[in-house]
Structures are given as structure tokens and as C-alpha cells.
Amino acid sequence: MIDDAHLAHGLAGDQLEPDWPPLTVDEVVTVLARHPSLGTLRSIDWRSPRPLSAAALVTATAGRAFIKRHHRSVRDERTLAEEHRFSDAVRACGVPVPRILRGMDGESVIGTDQWVYEVQEPARGTDVYREAYSWSPIGGERHALEAGAMLARLHDAAITFDAPQRSTDILVARAELLSSDDPLDAIAAQWSMRPALAQYLVDRDWRHEIDAAIAPWQARAAQASRAQPPLWTHGDWHVSNLYWSGDKDDATITDVLDFGLSARTFALFDLATAIERNAIAWLDIDKGHIARHDLALALIRGYCAIRPLTPADLVALADVLPLVHMDFALSEVEYFEGITRRREHADVAYYTFLIGHAGWFGGAEGQGFLKAIRDAGQ
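Following UniProt numbering, the numbering of the sequence shown begins with 1 at its first residue and continues without gaps.
Written as C-alpha cells, this is what we have:
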């Protein structure tokens, strides 16, 4: 069993004490008792450093499993089952996704008073980016090509999935604010349903701060977003959520992980998210020269090999990109302010992720990056 100190990835490429305690042996034993086909616990082999939940790979007498635990304030049976249904649907269409295991009662979620648990088959292949932080670029153009093509395959599969929007805003990559003609009024209109977000924003001149950051992009982003057909999307297409056939440049993707941020948005939203996550070295923003045109264009080429995009699509993609993180950044503010009670982390989500990232696109490097995407169709 692993009993050593466990650290989680921080927001600035550092390691911190986790907000959520690691999975214990007693918890894993209790979860496995609801999955008798797996047998009894032999070992906890690895604990995930991802910060928004607690997860581990375990070995039981009849096989291995990946167990993930969420606090009930973040996910409950209903909201977790929403992403399971989407994951199951794209898996049924041939997208390589680890199978979600059902317990004795046939349900995919195990709930207690405080926690909810999910159990999946282990991913197949090599976890090349196991230690990669969010916002860290993909390893090279060939991996970017493969990631773009797999995202397009997922979108083809997602066309078959018809479900309402997620029933939560917490840690979900939605696009309602992005698509709004007046996102500031839209934010204020949500305050009664999102008191933690209201509590954070009321302490500052948020209308002026957000408007100054998003104004250069807002009208074009909203217009482009509303013109897109709705589609359920992954929401967190970063290389750390992909498994590979090996660690070489010619590796192929063997499994797609973590549908936790998935929501009903649109395909270009997901592609813009993939570019923002994998082709801009945000953690090095103070050093300058963080844009990786080669990786962004490789993601687009890989995507277009499966789902061709028109020149107008690429213009729309560039229009959406500066604000693609807006809805999720505010959901992080809500999470850190209201659930983990980490005001310093909420500040990072607000000032660095929302305002800072949008502002970067207004500079020379950001403008050049957007131009490269628009010109990719010429």
C-alpha cells in the first residue's frame, strides 16, 4: 500500500497539499465491495496528483480499476451520471474510452453522505503525460496531429448523443456566457443560483475589470458561438487526459480520459479549448514567447483530416479562442470561493485565467497567434 505524503498539482506549476484527502484503504475496500467482480483489494498502486478530486489506481484479486472520489458539493449522483452517459455514448461509437463499471445495483455512481465515487477500467497504453500540468504544451507536432484527429472523431461520435445541458455550473466547461450578447448582465442574473460567485465578485469592481478584459473579443466571440450547431463536447482536451501506444513521436492515442468538464457547447469550442490547453505555455507567461504556432496548426490539421473546416470556420475559431475559458474560469472562482474556501486560488482563476489570458491575446504575440489560426485556411 502507498502511505507516503501525497501532493497535488497547484495552479502555478507547483505542488501543494491537496484540498481533498487521498483515498484511504477503508474507502477502497468499501467501494470494491459494491463491485464484487473485481474481488478484494490487494494494493493501491498510484494516487493521482490532479487537484479537483481524489483518485487512485488499485489492484484487486480479480483485476485493476481506477477509482475516483468527488465531494458531494462538486458532484452528486445526478451530475456525475450526466458525464457517464456521454462517455458511454461516444465509447459505443468507437471512441477509445475506459469503460465505466456498474456496481451490484447497476448504477455507475456510489454515494455516501459526503462523497460520491466512480469506478472505471484502467486506461490502456502509456500515460506519457502523467506528470504534465494543465496549461503545459503537447510534446510535439505529431502528437498534436494525433490529438486533433482524435478530437474530431469524438465530435463525430458526439453527434449521436442528445441530452440537455449539464445541471451544474461547478467545474464544467460551458459556453453560455461566451455566447451572450451581454455577459456581464448574464453573470449578475446567475447570482441567486451561484451565491459563492456573487460573494467573490461583490468584493471588487468586477464589471469594469471583466469588461476591460473581454471587450475586444466579446461581440465577435458571441456572434461566432451562436452560429455553431450545439454539440456535447469533452471540455478539457489536454494531453494529460490522453493515453498513448508508446512514448515515441509516432505514438497513437489508445484511450481518452476524464469527461468531468463535458457539457453541451459546440465543436469549435472544444477545438479552441484544445489549442488553449496544449499550444500556449501559460505557466511561462512571465518569460514571454509562450505561443506555439506549430502545435496549434498541427492540432487543426489533425482535426481537419477527419472533420474539414472552412476558412470561415477558422475565423470563427480564432474569434472564440480569447474567451473560450471565460465560463470555466468563473466556475473555478465559484469552486475555490464556495467549496474549498481558497480565496487565493479564486484570485488566480479570476485575475490570471480569466482577465490575464484574455488580455494576452491583445498583445503582439497573441495577435500573431490568432492571425496564424485565421490564415490556416488560406
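Even glycine gets a Cβ: it sits at the ideal position worked out from N, Cα and C. Being a predicted model, the structure only gives us computed values, none of them experimental.
- For Ser-225, the enclosing alpha helix (DSSP H) starts and ends at 206-226.
- Thr-79 and Gly-111 have their C-alpha atoms some 12 Å from each other.
- The beta carbon of Val-97 is closer than 7 Å to those of Ser-87, Val-90, Arg-91, Asp-255 and Val-256 in its chain, skipping five residues each way along the sequence.
- Non-local beta-carbon contacts of Asp-162 in its own chain, meaning distances under 7 Å to residues more than five positions away in sequence, are absent.
- Within the same chain, Pro-137 and Ile-290 come within 6 Å of Ala-281 by CB-CB distance, once the 5 residues on both sides are set aside.
- For Leu-283, the closest of Arg-130, His-357 and Ala-144 by C-alpha to C-alpha distance is His-357.
- Burial of Pro-18 is indicated by the presence of at least 16 other C-beta atoms within 10 angstroms of its C-beta.
- In this structure, Gly-103 and Arg-34 form a Cβ contact; the two beta carbons are roughly 4 Å apart against a cut-off of 8 Å.
- In the three-state reduction of the DSSP assignment, His-71 falls in the strand class.
- When only Cα atoms are considered, Leu-32 and Trp-232 end up about 31 Å apart.
- Within the same chain, Ala-376 come within 6 Å of Leu-297 by CB-CB distance, once the 5 residues on both sides are set aside.
- Val-320 carries a helical assignment under DSSP once its states are collapsed to helix, strand and coil.
- Boundaries cannot be given for Thr-340, as no alpha helix (DSSP H) includes it and DSSP labels it neither H nor E.
- Within the DSSP secondary-structure output, Thr-265 pairs in a beta bridge with Leu-231.
- Taken in chain order, the complete alpha helix (DSSP H) segments of 4 residues or longer contained in the region 238-297 are 267-278.
- Collapsing the DSSP output to three states places Asp-88 in a helix.
- With a contact defined as Cβ atoms closer than 8 Å, Ala-329 and Leu-309 miss out at about 26 Å.
- C-alpha of Pro-22 to C-alpha of His-71: approximately 12 Å in a straight line.
- Beta-bridge pairing by DSSP links Thr-352 to no other residue.
- With contacts defined by Cβ atoms closer than 8 Å, Ala-316 and Leu-295 do not form a contacting pair.
- Secondary structure at Glu-118: strand, using DSSP grouped into helix, strand and coil.
- If you ignore the 5 residues before and after Arg-174, its C-beta comes within less than 6 Å of the C-beta of Ala-263 and Asp-327, all in its own chain and listed in chain order.
- Leu-154 and Gly-139 have their alpha carbons spaced roughly 21 Å apart.
- Sequence-distant Cβ neighbours of Phe-369 in its own chain, meaning closer than 6 Å and more than five residues away, are Ala-291.
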